[in-house]
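Scroll down for the structure; my scribbles are underneath it.
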Amino acid sequence: MKATISSAAVAIALTVLGSSAQADTFHNANTEIGYEVHVGDSQSGKTSEQVRQELVAAKSNKREWFFTNLNAAKPGWMVPTEKTREQVAKERDSITPEERARIDEIYNTGA
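Numbering (full-length UniProt numbering), first residue to last: 1 to 111.
As structure tokens, this is what we get:
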């Protein structure tokens, strides 16, 4: 009984999902691929001019655009920091000798 109810629920869910996902642009058709694409039916969020302006604004910073376009991580010199140089120096100087020995043992083994 449980299998019948759950399989019926799955079938209904898939039917509803399939029809609502294709409601905007894709329409069922009796063709080889089974659907037709009606681009004019979809809702446009931006005009092509808005997209062009956003692209020009993104490309204005050449270094930023280079790493963004490659989908690469930004190097350390491009990432803004939250700490000042003085805060980092103070943090470095406040490390106890025991903590320094522990860090040296972890990162300087075999040297």
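Don't be surprised by glycine CBs; every beta carbon is placed ideally from N, CA and C.
In this structure, Trp65 lies away from Ala72, with their beta-carbon atoms at least 8 Å apart. Positions of the beta strand (DSSP E) runs, each at least 3 residues long and wholly inside the segment 37-63, cannot be given because no such run exists. Between the alpha carbons of Asn69 and Lys62 lies a distance of about 10 Å. When secondary structure is reduced to three states using DSSP, Asn71 falls in the coil class, being assigned neither helix nor strand. Boundaries of the beta strand (DSSP E) harbouring Asn28: Phe26 to Asn28, taken from the DSSP string. Beta bridge pairing from DSSP links Tyr107 with no other residue. It is roughly 19 Å from the alpha-carbon of Arg52 to the alpha-carbon of Phe67.
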